[in-house]
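>
2 protein chains.
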Amino acid sequence: MRNPTLSDVAKAAGVSYATADRVVNSRGNVADKSIRKVQAAMEALGYVRDIAAANLSRGRVYRLAFLLPSGPNAFFAKMRAALSNLAAHLSAERVDIQIVDIAAFSHQGLRAALADIEVPGLDGIAIVGLSGASLQQPLADLRDKGVSVVSLVSDLRADERDAYVGINNLAAGRTAARLLGMAHSGRAGAVLTLAGSLDAEDHIQRLNGFRDVIKADFPHLTILDPILAKDDEAAVFDGMVERFKANDQITAVYNVGAGNQGLVRALEAIAPDPAPLCVVHELVAHSRAALESGLIHFIIDQRPDIEAARAVTILRALIDGRSKPPMPELVPMIYVPDNLPAHTDPAHTDIHTGKAPLHD
Amino acid sequence: MRNPTLSDVAKAAGVSYATADRVVNSRGNVADKSIRKVQAAMEALGYVRDIAAANLSRGRVYRLAFLLPSGPNAFFAKMRAALSNLAAHLSAERVDIQIVDIAAFSHQGLRAALADIEVPGLDGIAIVGLSGASLQQPLADLRDKGVSVVSLVSDLRADERDAYVGINNLAAGRTAARLLGMAHSGRAGAVLTLAGSLDAEDHIQRLNGFRDVIKADFPHLTILDPILAKDDEAAVFDGMVERFKANDQITAVYNVGAGNQGLVRALEAIAPDPAPLCVVHELVAHSRAALESGLIHFIIDQRPDIEAARAVTILRALIDGRSKPPMPELVPMIYVPDNLPAHTDPAHTDIHTGKAPLHD
DNA sequence: TCATTTTTGATTGACGTCTATCATTTTCAC
DNA sequence: GTGAAAATGATAGACGTCAATCAAAAATGA
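Residue numbers (full-length UniProt numbering), protein chains in the order written: chain H, 1 to 360; chain G, 1 to 360.
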């Protein structure tokens, strides 16, 4: 009935508790024969170490750091909110979450922050990956010191991190293409695309996926060269106005990056007729309002709240050296005006009283 | 630095540990004055009881029962798989999950199962709601005995359960309408609808939501009366064939219920030209195959794996009397061929070795 | 075979909470 | 002021694990 304890294992293996403990915690100085006996007994009894008891005994606190880009980015603002919400609830489970501000898209800032982190006590970090080799050494140093690393939203090289939490951006771009393609239902058209920069791996992948599907399945649609607006809304606005002035055949817009407030303002200013179909990324206050008002038609979202929670869960598992708990794949979420969650702001749950209704 | 313990609280309140304990565990026989002192101290120190330690001490095991419809339903098969996967991983956290088979859609079976549950030791149950009053008494009895109840997938009356885990089915129906409407892009058309039964609350809500959006935003589309096929694939097949024979103006199909294998077989058999746009519910092996082959175009899914995990989490919180951890709202997920998760089967993670790659 | 090293056993005190017991003090009614 | 009831204090063992110590036994090498 009750789960077996390490004492049970020791007894079954015919060794003392001390020896069994030496095996499970690999403290060394154990004969191979004993190791095998203990492992066999664990197998036979189905022993699983009681993590709660272990943590209690250790006085273990999971110290996690999230390095997030600072600035006006609404997506990361949502993720911050989700994290502080999580932090409040997880303090009861010995999880300490610290958010470190990083200059956005800055290799230098990230490198400095990684070096600065006071390692004693830190168990794991989550960082938003940047392509390029400059992070390799600091990350390796950190991991040598036993810190687990997950990449968040944008991946690192597979050998630089222990896990990736984020969506498949190629799939996201393909999805956008599918939606726009189907909504043209056979008509010809031209799609204006926008991106932050072609240095950002996620943006490139989205554009590639988009192109693949359009070419293969919707050849009657042409793709215009992307406006590169550095995720800056003013630049997005200017680019949109310019392109729409130069081309009155645009039937759709796909922005793989941020700066959607500029996009919305431009659509309102230009008021092209007929209105183009619009797909953008990330459900935040402004994009949500535009979706509800009908200015844009689809939002592809990666649910920062879920990603934050998952990053914490995976870091805990990594730190414990456990196997990963079952984690359904993160999938690019499609929003239309009808399947929007009730609240965009994940922090609407009252952290302090916890008085939020239990049914969501 | 360290979180305060109950001893710290007692000290700060100027009472003994025993008295502080009497307060936090409401054992009675405490003067109001002392209660206030202890509560003030808890507030001041920010005391949060260490649940792990408490559970360890109590020898607490969370005993949960999931009452799921038996039968060939692929959606619930996925949920079962997710649950056993969860169970394997959560045994380390003192969670014991038991799956109880229920005859599908049977008030009687559900009532009998509720009465039969051996209450001693049971802490919480999850059941798939059925409309009608016959469950009221057994549920009330169960909850009187301290068992927490969550409704899963299909809701109960709000006063019959502690929480609901599932999607908003009205929103799901509206979403289907939006997708089909946009994919017609102005053309007229007729939508064939299918449902299991008009006794199932979720099916009704989906149809209602669908109708609302079509009427409001896509008035050039007409909705045909639903085929009621009891989620039986043979009945779905027959109904489809009959309707398509009678009406060659059908441009789209929306099935709010199960039995999609019959739908796919019918489409292959009839091969209407042009092929109708198809929206169905729940991503399972067959619907996935049909989506990938282009026979159907959208799947609206409620991610049984996530729902299972969430039901467990919420039950644990309810049982602990904790506040609900932050839970992003469950949203009807839209799948196109391009944003499908890598594996439909959540059990592909090897439970025993845990050797699944950590990046999903 | 003896000295040395390696391996094992036995035990102990945390960690923070729960539950229980028993003795003591305070409060209250009369 | 007395007696009963209510409230409080003090303490101890348990939960399963970790981390450490010390003594005893077994294996190893010369």
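Here a beta-carbon is modelled for each residue, glycine too, at the ideal position from N, C-alpha and C.
Is G:ASN169 closer than 7 Å to G:ASP217 when the C-beta atoms are compared?
no
> Rounded to the nearest angstrom, how far is the Cβ of G:ARG60 from that of G:ASP96, given a contact under 8 Å?
The Cβ separation is near 11 Å, so there is no contact.
> Can you list, in chain order, the residues of its chain with a C-beta nearer than 7 Å to that of H:VAL15? Leave out the 5 residues immediately preceding and following it.
SER34, LYS37 and VAL38
> Identify whether G:PRO346 lies in helix, strand or coil by the three-state DSSP scheme.
Annotation note: pLDDT 40 at G:PRO346 (below 50); position unreliable, no value reported.
> For my contact list, H:ILE99 and H:LEU142 are in at a C-beta cut-off of 8 Å; report their separation, rounded to the angstrom.
Between H:LEU142 and H:ILE99 the Cβ distance is about 17 Å, and since that is not below 8 Å, they are no contact.
> Give a yes or no on whether the minimum CB-CB distance between H:ARG111 and chain G is below 7 Å.
No, its Cβ sits nowhere closer than 7 Å to a Cβ of chain G.
> Listing by chain order, which chain H residues have their CB less than 7 Å from the CB of G:ILE117?
Neighbours of G:ILE117 in chain H, taken as residues whose beta carbon is under 7 Å from its own, are absent, since the nearest beta carbon is some 18 Å off.
> Could you check whether the Cβ of H:GLU329 sits closer than 7 Å to any Cβ belonging to chain G?
By the rule that beta-carbons nearer than 7 Å mark a contact, H:GLU329 touches chain G.
> Could you check whether H:LEU194 and H:ALA171 sit closer than 7 Å to each other, using their CB atoms as the reference points?
no
> Going by DSSP in three states, H:LEU63 sits in which element: helix, strand or coil?
Note that residue 63 of chain H is Arg in the sequence shown, not Leu. Three-state DSSP puts H:ARG63 in a strand.
> Which same chain residues, not among the five before or five after G:ILE167, have their C-beta less than 6 Å away from its C-beta?
Excluding positions up to five away in sequence, the list reads GLN302, LEU330 and PRO332.
> Skipping 5 residues on each side, what residues in its chain have a beta carbon closer than 7 Å to that of H:LEU207?
GLY173, THR193, ALA195, PRO226 and VAL256
> Mind checking who G:GLN136 pairs with in its DSSP beta bridge?
For G:GLN136, which the question treats as bridged, DSSP gives no partner whatsoever.
> For H:SER70, which residues of its own chain have a beta-carbon under 6 Å away from its beta-carbon, when the five flanking residues on both sides are left out?
So the qualifying residues of the chain are ASP101.
> Compare the C-beta of H:VAL48 against all C-beta atoms of chain G and say whether one is closer than 7 Å.
yes
> Does the distance from the C-beta atom of H:LEU277 to that of H:ALA188 stay below 7 Å?
no
> Could you compute how far the alpha carbon of H:GLN108 sits from the alpha carbon of H:ASN85?
29 Å
> Is H:LEU283 near the ligand NAD - that is, is its Cβ less than 6 Å away from at least one heavy atom of it?
No copy of the ligand NAD occurs in the structure displayed, which carries no ligand at all.
> State buried or exposed for G:PRO304, treating a residue as buried only when at least 16 other CB atoms are found within 10 Å of its CB.
buried
> For H:ALA200, does the three-state DSSP call read helix, strand or coil?
coil
> Less than 8 Å between the CB atoms is what I'm expecting for H:ASN55 and H:ALA104, so what's the real figure, rounded?
The pair is not a contact, with the Cβ atoms about 35 Å apart (cut-off 8 Å).
> Please return the same chain residues whose Cβ sits closer than 6 Å to the Cβ of G:GLN261, not counting the five positions on each side in sequence.
GLU233 and HIS286
> Please state if the CB of G:SER151 and the CB of G:GLY129 are separated by a distance shorter than 7 Å.
yes
> Mind checking the segment 177-189 of chain G against chain H and listing, in chain order, the residues whose C-beta falls within less than 8 Å of any C-beta there?
ALA177, ARG178, LEU179, MET182, ALA183, HIS184, SER185 and ARG187
> Can you pull the chain H residues whose beta carbon is under 8 Å from the beta carbon of G:ARG303, in chain order?
By Cβ distance, chain H contributes PRO328.
> Counting only runs that start and end within the segment 260-345 of chain H, where is the alpha helix (DSSP H) found for 4 or more residues in a row?
260-270, 285-293 and 304-320
> Who are residue 407 of chain H's beta bridge partners in DSSP?
In the structure displayed, chain H extends from 1 to 360; residue 407 of chain H sits before or after that span and is not available.
> What is the rounded straight-line gap between the Cα of H:ASP350 and the Cα of H:ARG265?
Its pLDDT being 32, under 50, H:ASP350 is placed unreliably in this model, and the value from its coordinates should be taken loosely. Roughly 33 Å separates the two Cα atoms.
> Can G:VAL191 and G:ILE223 be called in contact, C-beta distance under 7 Å?
Going by C-beta atoms, G:VAL191 is nearer than 7 Å to G:ILE223.
> Can you look up G:ILE117 in the DSSP assignment and give me helix, strand or coil?
Note: G:ILE117 maps to coil in three-state DSSP.
> Taking the beta carbon of G:ALA342 as the centre, do at least 16 other beta carbons fall within 10 Å, making it buried, or is it exposed?
Classification of G:ALA342: exposed, given that the 10 Å Cβ count is below 16.
> What does DSSP give as the partner residue(s) for G:PRO69 in the beta ladder?
DSSP lists G:ILE102 as partners of G:PRO69.
> With a cut-off of 7 Å, does the C-beta of H:LEU56 fall near any C-beta of chain G?
yes
> So, are the CB atoms of G:ILE319 and G:SER148 less than 7 Å apart?
Contact: yes.
> Between the Cα of G:MET79 and those of G:LEU90, G:HIS89 and G:PHE66, spot the shortest distance and give me the residue it belongs to.
G:PHE66
> Taking the alpha carbon of H:PRO138 as the reference point, which residue from H:TYR164, H:ARG157, H:VAL153 and H:LEU110 has its own alpha carbon closest?
The shortest C-alpha separation from H:PRO138 is found at H:LEU110.
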